[in-house]
Amino acid sequence: MQLQIYIDGQFYPEGEAKVSVFDHGLLYGDGIFEGIRFYNGRVFKFEEHLDRLWDSARALMLNIPLSREEMSAATLDTVRRNGLHEGYIRLLVTRGKGNLGLSPDRCPVPSVIIIAATIQLYPPEAYERGMTIVTCATRRMAPAALSPAVKSLNYLNNIMAKIEANIAKADEGLMLNEEGYVAECTGDNIFIVKGGQLLTPPLSAGALYGITRGTVMALAQESGLGVSEPNLTRYDLFNADECFLTGTGAEIIAVVKIDGRVIGKGKPGLVTEGLIGRYRALTQTSGEPI
Ligand code: PMP
379 MQLQIYIDGQ
389 FYPEGEAKVS
399 VFDHGLLYGD
409 GIFEGIRFYN
419 GRVFKFEEHL
429 DRLWDSARAL
439 MLNIPLSREE
449 MSAATLDTVR
459 RNGLHEGYIR
469 LLVTRGKGNL
479 GLSPDRCPVP
489 SVIIIAATIQ
499 LYPPEAYERG
509 MTIVTCATRR
519 MAPAALSPAV
529 KSLNYLNNIM
539 AKIEANIAKA
549 DEGLMLNEEG
559 YVAECTGDNI
569 FIVKGGQLLT
579 PPLSAGALYG
589 ITRGTVMALA
599 QESGLGVSEP
609 NLTRYDLFNA
619 DECFLTGTGA
629 EIIAVVKIDG
639 RVIGKGKPGL
649 VTEGLIGRYR
659 ALTQTSGEPI
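Numbers 379 to 668, taken from my numbering, label the letters of the sequence shown in order.
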């Protein structure tokens with residue numbers, strides 16, 4: 379059965395769900411998005427994702443043509459129409475149809491697209507054995523150019539890094555900021571465990587304000603683990619007891635090798651596994667009912 383895709387208030391079967399070639403989302407990457415998961419009939423961290431969408435829109439002076447309540451209703455409706463109980467929502471707001479010039483003042487109405495589907499980001503074996511990552515030469519976007527906090531449709535910087543990781547046959551690519559401090563991976567935030575403490579780069583190092591990152595920090599604190607956000611270098615990562623990545627799609631996944639250095643015992647560690655258990659339990663029991 380074809381997925382039913384929401385575009386600007388209407389539903390279309392996926393084969394007919396199309397946007398204009400004059401949409402500035404396509405012509406210039408001018409737009410924003412969210413990736414949201416739903417588990418067990420509930421949308422996980424829905425309010426946090428909507429907050430971030432509205433924050434991204436404000437930063438780009440993009441007027442979302444729906445109220446928050448309308449966006450929320452349209453999203454839940456899309457999931458319901460597709461009869462899904464578990465899956466992934468991709469919510470996009472593009473600058474909309476304009477002309478070939480880049481100026482957004484020629485785009486009168488932004489477009490809203492909502493896709494509800496299933497997802498598997500990494501194969502199950504990757505969760506059991508842990509991932510191998512490499513440092514990429516491509517640096518994370520400098521905040522003076524475009525804030526890395528904006529979840530924009532312009533992911534070329536991350537895509538260039540992902541290509542480097544693919545060439546190196548690694549599962550993911552580690553991105554540093556202009557100063558050489560660890561920022562994040564191409565689609566996930568990064569954490570290490572050292573001496574029983576959880577450490578993750580500060581958001582100012584150039585990471586997306588990850589919602590999974592925030593959830594994991596709260597879960598760690600509730601279970602009595604210390605959490606801090608210092609600047610981290612590759613040296614800190616190489617000498618970590620454990621390392622893992624967080625993201626809506628990936629959830630929590632262990633990293634066992636970085637640039638050829640084995641991390642900790644070379645397999646997913648106990649702290650990581652404890653957090654995975656807590657995170658999964660939370661996904662099954664909280665969220666906005668569909
Ligand atoms: N960093 C980047 C660059 C991302 O695209 C994402 C989302 N896939 C994340 C981090 C993780 O953010 P979240 O936990 O909100 O999905």
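No residue lacks a Cβ here, since even glycine has one placed at the ideal position from N, Cα and C.
Contact annotation, Asn609 with Pro579: C-beta distance approximately 7 Å; criterion of less than 8 Å satisfied. CA-to-CA, the gap between Gln388 and Thr456 works out to about 10 Å. Under the 8 Å Cβ criterion, the region 415-426 does not count as touching the region 388-405, having fewer than three qualifying pairs.
Just measuring C-alpha positions, the residue of Gln382, Gly573, Glu651 sitting nearest Thr496 is Gln382.
The alpha-carbon separation between Leu499 and Ala548 amounts to approximately 15 Å.
A check of alpha carbon separations from Ser445 across Gly584, Val471, Phe422, Arg458 identifies Val471 as the nearest. In the DSSP assignment, Ile414 falls within the beta strand (DSSP E) that extends over 409-417. Of the candidates Gly627, Val528, Thr593, Leu603, the residue whose Cα lies closest to the Cα of Leu438 is Val528.
Taking a cut-off of 8 Å on C-beta distances, the region 653-663 touches the region 585-603, as three or more cross pairs fall below it. Going by DSSP, Lys635 is part of the beta strand (DSSP E) stretching over 629-636. Cα atoms of Arg458 and Tyr390: separation of roughly 14 Å, rounded to the nearest angstrom.
Sorting Gly644, Gly642, Thr611, Asp386 by C-alpha distance to the C-alpha of Ile491 places Asp386 at the top. A direct Cα-Cα distance of roughly 6 Å separates Arg468 from Ala494. Between Met449 and Leu431, the alpha-carbon positions lie close to 11 Å from each other. Residue environment for Ile631: buried (at least 16 other C-beta atoms within 10 angstroms of its C-beta). Between the ligand PMP and the CB of Asn536, the shortest heavy atom gap is smaller than 7 Å. Between Ile589 and Val421, the C-beta gap is not smaller than 8 Å, which leaves the two residues out of contact.
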